[in-house]
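Visitor:
Protein chains: 2
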Amino acid sequence: MAKAAIASPWKSETERKTERALKREAVLAAAAHVFSERGYHRASLDEVAQVLNITKPTLYYYFKNKEAMLFACVQHGLDMLEAAGGAEDGNGRAQLAAYLEGYAAVIETDFGRCAVRISDAELSEASRKKVRRIKGEIDRKIRQLVTAGIADGSIASSDPKITAFALAGALNSIGQWHPQAGVPADKKLAGEYINLLMNGLAPR
Amino acid sequence: MAKAAIASPWKSETERKTERALKREAVLAAAAHVFSERGYHRASLDEVAQVLNITKPTLYYYFKNKEAMLFACVQHGLDMLEAAGGAEDGNGRAQLAAYLEGYAAVIETDFGRCAVRISDAELSEASRKKVRRIKGEIDRKIRQLVTAGIADGSIASSDPKITAFALAGALNSIGQWHPQAGVPADKKLAGEYINLLMNGLAPR
DNA sequence: AAACTATGTTACTCAAAAGTAGAGAGCGGA
DNA sequence: TCCGCTCTCTACTTTTGAGTAACATAGTTT
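Here the protein sequences line up with chains A and B, keeping their order.
Going by our numbering, the final residue of the first sequence carries number 220, and the count climbs one at a time with no gaps.
Going by our numbering, the final residue of the second sequence carries number 220, and the count climbs one at a time with no gaps.
1. Under a Cβ-count criterion, where at least 16 other Cβ atoms within 10 Å of its own Cβ denotes burial, should T71 (chain A) be classed as buried or exposed?
2. Shorter than 7 angstroms from the beta carbon of A47 (chain A) to some beta carbon of chain B?
3. Do C130 (chain A) and V90 (chain A) come within 7 angstroms of each other at the CB atom, strictly closer than that value?
4. Under 7 angstroms, CB to CB, which of the residues in the stretch 139 to 151 of chain B have a partner in chain A?
5. Any residues in the stretch 172 to 192 of chain B with a beta carbon nearer than 9 angstroms to a beta carbon of chain A? Which ones, in chain order?
6. Under the three-state reduction of DSSP, which class applies to Y56 (chain B): helix, strand or coil?
7. Are I210 (chain A) and L75 (chain A) closer than 7 angstroms when you measure CB to CB?
8. Compile a chain-ordered list of the residues in the stretch 92 to 125 of chain A whose CB is closer than 9 angstroms to at least one CB of chain B.
9. At the level of alpha carbons, what is the spacing between G191 (chain B) and E35 (chain A)?
10. How is the alpha helix (DSSP H) around R144 (chain A) delimited, first residue to last?
11. Taking CB distances under 7 angstroms as the criterion, tell me whether G55 (chain B) reaches chain A.
12. Which full runs of the alpha helix (DSSP H) of 4+ residues lie inside the stretch 28 to 106 of chain A, going along the chain?
13. How long is the line joining the alpha carbons of D175 (chain B) and I150 (chain B), rounded to whole angstroms?
14. Any beta carbon from chain A within less than 7 angstroms of S52 (chain B)'s own beta carbon?
15. Do D155 (chain A) and V147 (chain A) have their beta-carbon atoms positioned less than 7 angstroms apart in this structure?
16. Is G16 (chain B) close to chain A? Criterion is C-beta to C-beta, closer than 7 angstroms.
17. Spatial neighbours of R40 (chain A) within its chain, please: C-beta separation below 7 angstroms, excluding the five flanking residues on both sides.
18. Please state whether DSSP places S189 (chain A) in a helix, a strand or coil.
19. What does the Cβ neighbour count give for N69 (chain A), buried or exposed, with the cut at 16 atoms within 10 Å?
20. Below 7 angstroms between beta carbons: does that hold for L61 (chain A) and K80 (chain A)?
21. Would you kindly work out how many angstroms separate the C-alpha atoms of L205 (chain B) and A42 (chain B), rounded to a whole number?
22. Determine the burial state of G101 (chain A): buried for a count of at least 16 other Cβ atoms within 10 Å of its Cβ, exposed for fewer.
23. Going straight from the alpha carbon of G108 (chain B) to that of A180 (chain B), what length do you get?
24. Between A131 (chain A) and chain B, is the shortest Cβ-Cβ distance under 7 angstroms, so that the two count as touching?
25. Report yes if the CB atom of L187 (chain A) is closer than 7 angstroms to the CB atom of Y119 (chain A), and no otherwise.
26. On a CA-only basis, which of A:I166, A:A167, A:V122, A:K145 is nearest L97 (chain A)? Give me that one, please.
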C-alpha cells in the first residue's frame, strides 16, 4: 500500500468522514464536561459552544437537540462503566474489587459523572428505557460477582441484590460531592472507598 | 389561666400567627416533596402550588422566591441530618452505627433527600456558604465519631477524613437511586448498607 | 463556471416558568 | 360603617435558553 510521503493539505473522502466524527466527539466531550460540572439544566448550549469556540447552532449540526447530547453522554459513560475491566482470575472478592476499582476510575471522568449524577428523568421515555437497560446490566454484573464471591466463600453477604445496589451507590457518591468541597480526589480516595467496602470499619 | 370551655370560631392574635407559620411549613413540605422528587430545576412552582390547592402567587406570600424555598428545604434537611440522634453509650463503632442509622432514616424523608441530592450550585453564594458550614459540621461530627472509634479500638481506619466522607457518600446514595428503580426501600435497605459499611464484604 | 455539499454564522422565534401588579374577599377593630 | 390588615386570586411582564431560518463561505464535483 502506497503511503503518503508528504502531508497533503487536501483531505480524502474518508479523512473528511473521520474529521466529522472527531468533531462530533469533541462536541460530546465538551457537553459531558459542562453537563457533569454544572448539571444538565444549568448548562446552556451556549456554554458548550463557547468551550469549543463555536456558536450554538453549529452544535445542531452534530446533534439533533440537547437531549440527544445528554443521552449520548450518559450512554457513553454507562458503556465505560460496564466495560470497566477487572481481573479475570482470583476469587470472587478479588474480581469484584478489581471491577470496582475500574468503576471508580470511570466515575472520575466527565462521562462517568454524567452517567451517574444526572437523573434519567431528564431523558425522554425512549432514551430512559435504554439507559435503564444498561444500568440493569451493570447491576446484574456486580450482583453476579457478589454471588460468585459468596459461592466460593470469599464474600459474606446475606443479600446480593441490596449489596450490589449499595456498592454501586457508594462508588457513585465519589462523583457527587467531588466537585464541590476540597477533597483529595486522587487515587487514594477510591482506594479508601474500596478498602472500606471490602473490610468494613470493624477491626479484624 | 382560664381555658376556653368552648371552641371559638374566631382566632386570637397568636393563633393567627401560628396558623401562618403552619401554612409556611406546609408550603415548605410541599416544596421539599416536589423538589426531591423531580429535582429543583424540573420542579415548577405551579406544581408546588397545585399540590397545596393554591396558586403560584400565594407561594410568594410565604417565601421571597424559589431559591429561598430551596434554601429553607436544604437547611431543614441538613439540620435534621445533623440532629440525627445516635446512642450516647457504647464504644465508638456502636455510637457511629447508631448515628448512621439515624442519618439514613432522615435521608428517606423529603427534606433529607433535598439536602443530599440537590447540588448546592443551585444556591446563591450567600446561601451556599451557610450550607457548606452545616455540611462541614456534619462531616466533622462523623469524623469525630470515627476518630473516637479508632481511639478505643473499635474501628479500624487509616484515614478518618476520607472514611467520614465515604460513609456520608455511601448513605447519601440511598436517596439517589431510590426514586427510580423498584428498590426494596424499607428498613432493610439502610440496615444492609450499614452492615456492609461496618463489616465489609470479606468474611470474618 | 455553475451547482452542490459541508460547515458555520447572525439574527431571529418560541415556550416555559419565574416573578409582579393590582384587584378583591373576609375578618376584626375603632 | 368604614378602615385596615391578611391572604389569595386573575392577569399580566420578564427572562432565559432551546431551537430555527436564512444566509455566507469554501472546497468539490460535473
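Glycine included, every Cβ here is placed at the ideal spot set by N, Cα and C.
Guide: To lay it out plainly:
1. Here residue 71 (chain A) refers to the residue found at position 55 of the first sequence. Under a 10 Å Cβ-count criterion, T71 (chain A) is classified as exposed, with fewer than 16 other Cβ atoms of the shown protein chains found around its own Cβ.
2. Residue mapping note: residue 47 (chain A) aligns to position 31 of the first sequence, counting from 1. Not closer than 7 angstroms to any Cβ of chain B, the Cβ of A47 (chain A) fails to qualify, so no.
3. Locating residue 90 (chain A) in the first sequence gives position 74, where the first residue counts as 1. Locating residue 130 (chain A) in the first sequence gives position 114, where the first residue counts as 1. C130 (chain A) is positioned such that its CB atom lies closer than 7 angstroms to that of V90 (chain A).
4. Correct list: empty, as no residue qualifies.
5. The residues in question are A172, S173, S174, D175, K177, I178, T179, F181, A182, L183, A184, G185, A186, L187, N188, S189, I190, Q192.
6. Mapped onto the second sequence, residue 56 (chain B) falls at position 40. If DSSP states are grouped into helix, strand and coil, Y56 (chain B) belongs with coil.
7. Working through the first sequence from its first residue, we reach residue 210 (chain A) at position 194. Working through the first sequence from its first residue, we reach residue 75 (chain A) at position 59. No, the pair does not count as a contact, with Cβ atoms beyond the cut-off.
8. Within the stretch 92 to 125 of chain A, the residues whose Cβ lies closer than 9 angstroms to some Cβ of chain B are R109, L112, A113, listed in chain order.
9. For the purposes of this step, residue 191 (chain B) is taken as residue 175 along the second sequence, with counting starting at 1. For the purposes of this step, residue 35 (chain A) is taken as residue 19 along the first sequence, with counting starting at 1. Each residue's alpha carbon lies about 42 angstroms from the other.
10. Working through the first sequence from its first residue, we reach residue 144 (chain A) at position 128. In this chain, the alpha helix (DSSP H) harbouring R144 (chain A) covers 141 to 167.
11. Taking the second sequence and counting its residues from 1, one reaches residue 55 (chain B) at position 39. Closer than 7 angstroms: yes.
12. Runs found: 29 to 54, 61 to 67, 72 to 78, 82 to 99.
13. As a position in the second sequence, residue 175 (chain B) is number 159, starting the count at 1. As a position in the second sequence, residue 150 (chain B) is number 134, starting the count at 1. So the alpha carbons of these two residues sit roughly 22 angstroms apart.
14. For the purposes of this step, residue 52 (chain B) is taken as residue 36 along the second sequence, with counting starting at 1. Among the residues facing chain A, S52 (chain B) is not included, as its CB has no counterpart in that chain under 7 angstroms away.
15. Position 131 of the first sequence, counted from the start, is the residue given in the question as residue 147 (chain A). Position 139 of the first sequence, counted from the start, is the residue given in the question as residue 155 (chain A). Contact check for V147 (chain A) against D155 (chain A) fails: the beta carbons are separated by 7 angstroms or more.
16. The structure shown does not extend to residue 16 (chain B), since chain B spans only 17 to 220, so no value can be given for it.
17. For the purposes of this step, residue 40 (chain A) is taken as residue 24 along the first sequence, with counting starting at 1. Counting only residues of its own chain and dropping the five nearest sequence neighbours on each side, R40 (chain A) has a CB closer than 7 angstroms to the CB of Y78.
18. Taking the first sequence and counting its residues from 1, the one referred to as residue 189 (chain A) is at position 173. Residue state, collapsed to three classes: helix.
19. The residue labelled residue 69 (chain A) in the question sits at position 53 within the first sequence. Exposed.
20. Here residue 61 (chain A) corresponds to residue number 45 of the first sequence, with the count starting at 1. Here residue 80 (chain A) corresponds to residue number 64 of the first sequence, with the count starting at 1. Going by C-beta atoms, L61 (chain A) is not nearer than 7 angstroms to K80 (chain A).
21. To locate residue 205 (chain B), count along the second sequence from 1; it is residue 189. To locate residue 42 (chain B), count along the second sequence from 1; it is residue 26. Looking at the two C-alpha atoms, the distance is approximately 29 angstroms.
22. For the purposes of this step, residue 101 (chain A) is identified with residue 85 of the first sequence, where counting begins at 1. Residue environment: G101 (chain A) is assigned as exposed (fewer than 16 neighbouring CB atoms within 10 Å of its CB, all protein chains considered).
23. The residue given as residue 108 (chain B) occupies position 92 in the second sequence. The residue given as residue 180 (chain B) occupies position 164 in the second sequence. Spanning the two alpha carbons is a distance of roughly 13 angstroms.
24. Taking the first residue of the first sequence as 1, we reach residue 131 (chain A) at position 115. No, its Cβ sits nowhere closer than 7 angstroms to a Cβ of chain B.
25. Reading the first sequence from its first residue, position 171 is the one you call residue 187 (chain A). Reading the first sequence from its first residue, position 103 is the one you call residue 119 (chain A). Yes, the pair counts as a contact, with Cβ atoms nearer than the cut-off.
26. Translated into positions along the first sequence, residue 97 (chain A) becomes position 81. Ranking A:I166, A:A167, A:V122, A:K145 by Cα distance to L97 (chain A) puts A:V122 first.
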